[in-house]
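The next block holds one structure in the form of C-alpha coordinates; read it before the comments.
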Amino acid sequence: MSSEKEIHYIKHAEIDSDKWNQCIDGAFNCRIYAYDWHLDRTAIEWDALVYGDYEFVMPLPFRKKMGIKYLYQPLFSQQLGIFPTPSKTIFSAFIAAVSNRFKYADIQLNAINIQEENNGDIFFERKNYLLSLTQNFKSITSGYSKNTKRNIAKAQKQDLTIIEGIRLEAYLEFKAQNLPAGVNKSAIDKLKSLIAFGEYKGFGKIYGVYTPGNELCAAVYFCRWKDRVIYFNAASNEEGKNTGAMYYLINRFIEDNAEKNLILDFEGSMIPGVERFYKGFGAKPETYFQLKYNRLPLLFKWLKR
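In short: position in the sequence shown from 1, add 129, done, that's our numbering.
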(Lines of atoms letter the chains of each structure in order from A and count residues from 1; the text may use other names and numbers.)
(Lines give C-alpha, C1' and ligand atoms only; values in the text may rest on other atoms or scores of the structure.)
Protein backbone atom coordinates (compact mmCIF):
# COMPACT_ATOMS: atom_id res chain seq x y z
CA MET A 1 0.00 0.00 0.00
CA SER A 2 1.24 3.48 -0.81
CA SER A 3 1.85 6.00 1.96
CA GLU A 4 -0.98 8.15 0.59
CA LYS A 5 -3.50 5.42 1.21
CA GLU A 6 -3.39 4.18 4.75
CA ILE A 7 -5.81 2.54 7.13
CA HIS A 8 -7.21 5.05 9.58
CA TYR A 9 -9.17 4.45 12.76
CA ILE A 10 -12.30 6.60 12.51
CA LYS A 11 -14.57 7.28 15.44
CA HIS A 12 -18.27 6.81 14.87
CA ALA A 13 -19.13 10.51 14.98
CA GLU A 14 -16.55 11.26 12.27
CA ILE A 15 -17.66 8.61 9.76
CA ASP A 16 -18.96 10.00 6.46
CA SER A 17 -22.31 8.23 6.25
CA ASP A 18 -22.77 8.74 2.51
CA LYS A 19 -19.32 7.47 1.60
CA TRP A 20 -19.65 4.57 4.02
CA ASN A 21 -22.95 3.35 2.62
CA GLN A 22 -21.78 3.86 -0.97
CA CYS A 23 -18.80 1.62 -0.25
CA ILE A 24 -20.99 -1.12 1.24
CA ASP A 25 -23.65 -0.80 -1.47
CA GLY A 26 -21.17 -1.13 -4.32
CA ALA A 27 -19.29 -4.07 -2.84
CA PHE A 28 -19.54 -7.52 -4.39
CA ASN A 29 -19.63 -8.87 -0.83
CA CYS A 30 -22.30 -6.39 0.25
CA ARG A 31 -24.13 -7.42 3.43
CA ILE A 32 -27.07 -5.59 4.93
CA TYR A 33 -25.47 -5.86 8.38
CA ALA A 34 -22.70 -3.41 7.46
CA TYR A 35 -24.79 -0.36 6.55
CA ASP A 36 -24.58 2.39 9.14
CA TRP A 37 -28.33 2.35 9.80
CA HIS A 38 -28.15 -1.35 10.65
CA LEU A 39 -25.08 -0.98 12.85
CA ASP A 40 -26.64 1.97 14.65
CA ARG A 41 -29.56 -0.26 15.62
CA THR A 42 -27.57 -3.35 16.58
CA ALA A 43 -24.09 -2.44 17.77
CA ILE A 44 -25.05 0.94 19.23
CA GLU A 45 -21.34 1.72 19.76
CA TRP A 46 -19.08 1.19 16.78
CA ASP A 47 -16.08 2.81 15.18
CA ALA A 48 -14.37 1.82 11.94
CA LEU A 49 -11.20 1.22 10.01
CA VAL A 50 -11.14 3.09 6.69
CA TYR A 51 -8.60 2.71 3.91
CA GLY A 52 -8.04 5.67 1.60
CA ASP A 53 -11.18 7.62 0.72
CA TYR A 54 -13.56 4.87 1.84
CA GLU A 55 -12.14 2.43 -0.70
CA PHE A 56 -12.19 -0.31 1.94
CA VAL A 57 -13.97 -0.20 5.28
CA MET A 58 -14.39 -2.40 8.33
CA PRO A 59 -16.95 -1.74 11.08
CA LEU A 60 -15.71 -2.25 14.63
CA PRO A 61 -18.60 -2.91 17.05
CA PHE A 62 -17.25 -2.60 20.57
CA ARG A 63 -18.11 -2.74 24.24
CA LYS A 64 -16.25 -1.67 27.34
CA LYS A 65 -15.67 -3.63 30.51
CA MET A 66 -13.44 -2.55 33.39
CA GLY A 67 -12.21 0.25 31.14
CA ILE A 68 -11.18 -2.18 28.40
CA LYS A 69 -12.60 -1.74 24.91
CA TYR A 70 -13.11 -5.01 23.05
CA LEU A 71 -14.74 -6.18 19.80
CA TYR A 72 -17.85 -8.34 19.72
CA GLN A 73 -20.47 -9.50 17.20
CA PRO A 74 -23.79 -7.70 17.64
CA LEU A 75 -27.10 -9.54 17.60
CA PHE A 76 -28.87 -9.74 14.25
CA SER A 77 -25.58 -9.21 12.37
CA GLN A 78 -24.25 -12.48 11.02
CA GLN A 79 -21.38 -11.23 8.84
CA LEU A 80 -19.34 -8.02 9.03
CA GLY A 81 -15.63 -7.78 8.22
CA ILE A 82 -13.97 -5.92 5.34
CA PHE A 83 -15.81 -4.36 2.38
CA PRO A 84 -15.44 -4.60 -0.60
CA THR A 85 -13.53 -7.83 -1.32
CA PRO A 86 -9.95 -7.22 -0.12
CA SER A 87 -6.72 -8.46 -1.63
CA LYS A 88 -4.48 -10.54 0.64
CA THR A 89 -2.37 -7.45 1.31
CA ILE A 90 -5.35 -5.30 2.26
CA PHE A 91 -6.83 -8.12 4.34
CA SER A 92 -3.59 -8.63 6.29
CA ALA A 93 -3.25 -4.89 6.89
CA PHE A 94 -6.77 -4.63 8.30
CA ILE A 95 -6.31 -7.63 10.59
CA ALA A 96 -3.01 -6.20 11.81
CA ALA A 97 -4.70 -2.85 12.52
CA VAL A 98 -7.40 -4.61 14.53
CA SER A 99 -4.87 -6.68 16.45
CA ASN A 100 -2.71 -3.65 17.26
CA ARG A 101 -5.62 -1.70 18.74
CA PHE A 102 -7.68 -4.40 20.48
CA LYS A 103 -6.40 -7.04 22.88
CA TYR A 104 -9.63 -9.00 22.71
CA ALA A 105 -11.82 -9.68 19.68
CA ASP A 106 -14.67 -12.04 18.88
CA ILE A 107 -16.18 -10.96 15.56
CA GLN A 108 -17.35 -12.58 12.34
CA LEU A 109 -16.02 -11.68 8.92
CA ASN A 110 -17.98 -12.10 5.70
CA ALA A 111 -17.76 -15.10 3.40
CA ILE A 112 -15.71 -13.28 0.76
CA ASN A 113 -12.99 -12.15 3.16
CA ILE A 114 -9.71 -14.03 2.91
CA GLN A 115 -8.62 -16.32 5.71
CA GLU A 116 -4.84 -16.54 5.96
CA GLU A 117 -3.69 -20.11 6.46
CA ASN A 118 -0.80 -19.04 8.67
CA ASN A 119 -3.21 -17.31 11.06
CA GLY A 120 -5.30 -20.38 11.75
CA ASP A 121 -4.95 -19.86 15.49
CA ILE A 122 -7.25 -16.81 15.40
CA PHE A 123 -9.64 -17.74 12.55
CA PHE A 124 -12.41 -20.27 13.12
CA GLU A 125 -14.66 -21.69 10.42
CA ARG A 126 -18.40 -21.13 10.56
CA LYS A 127 -21.20 -22.17 8.22
CA ASN A 128 -24.00 -20.26 6.60
CA TYR A 129 -26.64 -21.99 4.45
CA LEU A 130 -27.86 -20.70 1.09
CA LEU A 131 -30.55 -21.95 -1.28
CA SER A 132 -30.72 -20.75 -4.87
CA LEU A 133 -34.28 -20.05 -6.01
CA THR A 134 -33.48 -19.75 -9.72
CA GLN A 135 -34.80 -23.23 -10.58
CA ASN A 136 -38.47 -24.16 -10.83
CA PHE A 137 -40.29 -25.29 -7.71
CA LYS A 138 -40.28 -28.98 -8.65
CA SER A 139 -36.53 -28.96 -9.16
CA ILE A 140 -35.94 -27.24 -5.82
CA THR A 141 -38.19 -29.64 -3.91
CA SER A 142 -36.34 -32.60 -5.42
CA GLY A 143 -33.45 -31.51 -3.19
CA TYR A 144 -35.53 -31.69 0.00
CA SER A 145 -34.65 -34.35 2.54
CA LYS A 146 -37.14 -37.14 3.36
CA ASN A 147 -37.67 -35.64 6.81
CA THR A 148 -38.49 -32.21 5.34
CA LYS A 149 -40.96 -33.69 2.86
CA ARG A 150 -42.58 -35.69 5.66
CA ASN A 151 -42.98 -32.59 7.86
CA ILE A 152 -44.44 -30.56 5.00
CA ALA A 153 -46.94 -33.33 4.23
CA LYS A 154 -47.94 -33.48 7.91
CA ALA A 155 -48.40 -29.69 8.06
CA GLN A 156 -50.53 -29.67 4.91
CA LYS A 157 -53.09 -31.83 6.72
CA GLN A 158 -53.44 -29.40 9.63
CA ASP A 159 -55.61 -26.79 7.89
CA LEU A 160 -53.02 -24.08 8.59
CA THR A 161 -53.22 -20.60 7.07
CA ILE A 162 -50.29 -18.45 5.95
CA ILE A 163 -50.66 -14.68 6.13
CA GLU A 164 -48.16 -12.33 4.46
CA GLY A 165 -47.51 -9.05 6.19
CA ILE A 166 -48.72 -9.71 9.72
CA ARG A 167 -48.49 -6.82 12.19
CA LEU A 168 -45.12 -6.12 13.79
CA GLU A 169 -46.71 -5.84 17.24
CA ALA A 170 -48.26 -9.29 16.89
CA TYR A 171 -44.92 -10.77 15.86
CA LEU A 172 -42.96 -9.13 18.68
CA GLU A 173 -45.48 -10.30 21.27
CA PHE A 174 -45.29 -13.82 19.87
CA LYS A 175 -41.49 -13.66 19.77
CA ALA A 176 -41.29 -12.47 23.38
CA GLN A 177 -43.47 -15.39 24.47
CA ASN A 178 -41.26 -17.91 22.67
CA LEU A 179 -37.71 -16.71 23.23
CA PRO A 180 -35.05 -19.45 23.15
CA ALA A 181 -33.25 -20.15 26.41
CA GLY A 182 -30.50 -17.64 27.14
CA VAL A 183 -31.87 -14.87 24.92
CA ASN A 184 -32.43 -11.59 26.75
CA LYS A 185 -35.77 -9.87 26.19
CA SER A 186 -33.90 -6.60 25.67
CA ALA A 187 -33.04 -7.96 22.22
CA ILE A 188 -36.69 -7.44 21.26
CA ASP A 189 -36.18 -3.66 21.20
CA LYS A 190 -33.36 -3.96 18.66
CA LEU A 191 -35.39 -6.38 16.59
CA LYS A 192 -38.37 -4.03 16.63
CA SER A 193 -36.26 -1.16 15.31
CA LEU A 194 -34.78 -3.28 12.51
CA ILE A 195 -38.08 -4.73 11.35
CA ALA A 196 -39.88 -1.39 11.55
CA PHE A 197 -37.19 0.17 9.36
CA GLY A 198 -37.31 -2.74 6.89
CA GLU A 199 -41.09 -2.52 6.59
CA TYR A 200 -40.97 1.27 6.21
CA LYS A 201 -38.39 0.99 3.41
CA GLY A 202 -40.26 -1.87 1.77
CA PHE A 203 -37.60 -4.59 1.88
CA GLY A 204 -38.94 -6.58 4.84
CA LYS A 205 -42.13 -8.53 5.53
CA ILE A 206 -43.36 -10.81 8.30
CA TYR A 207 -45.07 -14.07 7.36
CA GLY A 208 -47.25 -15.81 9.93
CA VAL A 209 -48.81 -19.28 10.18
CA TYR A 210 -52.17 -19.53 11.94
CA THR A 211 -54.01 -22.54 13.33
CA PRO A 212 -57.65 -23.33 12.42
CA GLY A 213 -58.51 -21.47 15.65
CA ASN A 214 -56.78 -18.34 14.26
CA GLU A 215 -53.86 -18.56 16.69
CA LEU A 216 -50.35 -17.61 15.53
CA CYS A 217 -48.06 -20.64 15.82
CA ALA A 218 -45.04 -19.75 13.66
CA ALA A 219 -43.67 -16.63 11.99
CA VAL A 220 -40.65 -15.39 10.03
CA TYR A 221 -39.33 -11.94 9.20
CA PHE A 222 -37.91 -12.14 5.67
CA CYS A 223 -35.61 -9.33 4.58
CA ARG A 224 -34.75 -8.88 0.89
CA TRP A 225 -31.51 -7.08 0.10
CA LYS A 226 -30.24 -7.08 -3.48
CA ASP A 227 -30.33 -10.72 -4.66
CA ARG A 228 -30.66 -12.19 -1.16
CA VAL A 229 -33.77 -12.90 0.85
CA ILE A 230 -32.64 -13.36 4.42
CA TYR A 231 -34.45 -15.67 6.84
CA PHE A 232 -33.73 -12.93 9.32
CA ASN A 233 -35.67 -13.89 12.41
CA ALA A 234 -38.16 -16.62 13.27
CA ALA A 235 -40.28 -17.92 16.12
CA SER A 236 -42.48 -20.97 16.79
CA ASN A 237 -44.51 -22.11 19.75
CA GLU A 238 -45.10 -25.72 20.77
CA GLU A 239 -48.13 -26.08 18.49
CA GLY A 240 -46.13 -24.71 15.59
CA LYS A 241 -43.37 -27.22 16.23
CA ASN A 242 -45.80 -30.12 16.58
CA THR A 243 -47.66 -29.30 13.35
CA GLY A 244 -44.55 -28.58 11.27
CA ALA A 245 -45.73 -25.01 10.68
CA MET A 246 -42.27 -23.63 9.90
CA TYR A 247 -41.68 -26.30 7.26
CA TYR A 248 -45.03 -25.35 5.77
CA LEU A 249 -44.19 -21.63 5.75
CA ILE A 250 -40.75 -21.96 4.16
CA ASN A 251 -42.02 -24.40 1.54
CA ARG A 252 -44.73 -21.91 0.56
CA PHE A 253 -42.20 -19.08 0.44
CA ILE A 254 -39.96 -21.14 -1.84
CA GLU A 255 -42.92 -22.01 -4.07
CA ASP A 256 -43.91 -18.32 -4.36
CA ASN A 257 -40.35 -17.24 -5.21
CA ALA A 258 -39.11 -20.12 -7.38
CA GLU A 259 -37.59 -19.20 -10.75
CA LYS A 260 -36.50 -15.79 -9.47
CA ASN A 261 -32.91 -14.56 -9.41
CA LEU A 262 -32.78 -14.83 -5.63
CA ILE A 263 -30.83 -16.64 -2.94
CA LEU A 264 -32.60 -17.67 0.25
CA ASP A 265 -30.07 -16.95 2.99
CA PHE A 266 -30.85 -19.00 6.09
CA GLU A 267 -28.06 -17.23 8.04
CA GLY A 268 -26.67 -20.58 9.13
CA SER A 269 -26.22 -22.07 12.57
CA MET A 270 -23.65 -24.06 14.51
CA ILE A 271 -26.48 -25.88 16.31
CA PRO A 272 -26.81 -29.36 14.71
CA GLY A 273 -30.62 -29.49 14.81
CA VAL A 274 -31.01 -26.06 13.23
CA GLU A 275 -28.33 -26.89 10.67
CA ARG A 276 -30.24 -30.04 9.67
CA PHE A 277 -33.40 -27.97 9.28
CA TYR A 278 -31.72 -25.66 6.75
CA LYS A 279 -29.98 -28.50 4.92
CA GLY A 280 -33.31 -30.29 4.70
CA PHE A 281 -34.48 -27.74 2.12
CA GLY A 282 -31.42 -28.40 -0.02
CA ALA A 283 -29.51 -25.34 1.21
CA LYS A 284 -25.76 -25.50 0.59
CA PRO A 285 -23.06 -24.46 3.07
CA GLU A 286 -21.17 -21.21 2.70
CA THR A 287 -18.01 -20.83 4.78
CA TYR A 288 -17.14 -17.65 6.62
CA PHE A 289 -14.71 -17.06 9.47
CA GLN A 290 -14.83 -15.91 13.05
CA LEU A 291 -11.87 -13.79 14.18
CA LYS A 292 -11.29 -14.57 17.83
CA TYR A 293 -8.35 -13.99 20.15
CA ASN A 294 -7.64 -12.97 23.74
CA ARG A 295 -4.35 -11.19 24.44
CA LEU A 296 -5.38 -9.63 27.71
CA PRO A 297 -3.22 -9.99 30.82
CA LEU A 298 -4.14 -12.99 32.96
CA LEU A 299 -5.95 -10.68 35.35
CA PHE A 300 -8.56 -9.96 32.66
CA LYS A 301 -8.88 -13.40 31.06
CA TRP A 302 -12.41 -13.65 32.45
CA LEU A 303 -13.58 -11.00 29.99
CA LYS A 304 -16.57 -12.33 28.06
CA ARG A 305 -19.33 -10.87 25.95
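Note that the Cβ used here is the ideal one computed from N, Cα and C, for glycine as well.
Note that this is a predicted model, so its numbers are computed, not measured.
I'd like to know whether the C-beta of residue i is nearer than 8 Å to at least one C-beta of chain D.
{"i": "ALA282", "result": "This model lacks chain D altogether; it includes just one protein chain."}
I need the boundaries of the alpha helix (DSSP H) containing residue i, first residue and last residue.
{"i": "SER271", "result": "First-last for SER271: undefined, no H or E at that position."}
{"i": "LYS286", "result": "Looking at the DSSP string, LYS286 is not in any alpha helix (DSSP H), and its letter there is neither H nor E."}
{"i": "GLY327", "result": "316 to 330"}
{"i": "ASP165", "result": "165 to 171"}
Please list, in chain order, all residues of the same chain as residue i whose beta carbon is under 8 Å from its beta carbon, the five residues on each side excluded.
{"i": "HIS141", "result": "GLU174, TRP175, ASP176 and ALA177"}
{"i": "LEU297", "result": "LYS321, ILE324, ALA325, GLU328 and ILE335"}
{"i": "LEU115", "result": "The structure shown does not extend to residue 115, since the chain spans only 130 to 434, so no value can be given for it."}
{"i": "PHE157", "result": "PRO213, THR214 and ILE241"}
Quick one: residues in its chain with C-beta nearer than 6 Å to the C-beta of residue i, no 5 flanking neighbours on either side, listed in chain order?
{"i": "LYS232", "result": "ARG424 and LEU425"}
{"i": "ILE295", "result": "ILE335 and GLY337"}
{"i": "LYS304", "result": "ALA364"}
{"i": "GLN202", "result": "ILE236 and GLN237"}
{"i": "HIS137", "result": "VAL179"}
{"i": "MET130", "result": "Reliability fails at MET130, whose pLDDT of 45 lies under 50, so the model's placement of it is uncertain and the value that follows must be treated cautiously. None."}
For residue i and residue j, what's the separation of their Cα atoms in angstroms?
{"i": "TYR300", "j": "ALA348", "result": "7 Å"}
{"i": "GLU404", "j": "GLN264", "result": "23 Å"}
{"i": "LYS283", "j": "LYS148", "result": "50 Å"}
{"i": "ASP154", "j": "PHE205", "result": "19 Å"}
{"i": "GLU184", "j": "GLY409", "result": "39 Å"}
{"i": "THR416", "j": "ASP356", "result": "19 Å"}
{"i": "GLY210", "j": "LYS286", "result": "45 Å"}
{"i": "THR171", "j": "TYR407", "result": "25 Å"}
{"i": "SER228", "j": "ASN390", "result": "39 Å"}
{"i": "GLU221", "j": "LEU168", "result": "Residue identity check: residue 221 is Ser in the sequence provided, not Glu. Computed Cα separation, rounded: 24 Å."}
{"i": "THR462", "j": "LYS413", "result": "Lying before the first or after the last residue shown, residue 462 is absent from the chain, which here runs from 130 to 434."}
Start and end of the beta strand (DSSP E) containing residue i?
{"i": "THR416", "result": "413 to 423"}
{"i": "PHE361", "result": "357 to 365"}
{"i": "MET187", "result": "185 to 194"}
{"i": "VAL312", "result": "Taken as a continuous stretch (DSSP letters only), VAL312 belongs to no beta strand (DSSP E), as it is neither H nor E."}
What residues in its chain sit with their C-beta under 7 Å from that of residue i, if we drop five residues either side in the sequence?
{"i": "GLY411", "result": "LEU260, ILE269, GLY272 and TYR273"}
*Taking one C-beta from the segment 256 to 269 and one from the segment 383 to 397 each time, how about it: are there three or more such pairs within less than 8 Å?*
yes
_List, from N- to C-terminal side, the beta strand (DSSP E) runs of 3 residues or more that fit wholly inside the segment 189 to 260._
197 to 201 and 233 to 237
*Do the segment 374 to 392 and the segment 226 to 240 touch if we need at least three Cβ pairs shorter than 8 Å?*
no
_Extract the residue ranges of the alpha helix (DSSP H) inside the segment 332 to 406, only unbroken runs of 4 or more that lie entirely within it._
367 to 372 and 374 to 386
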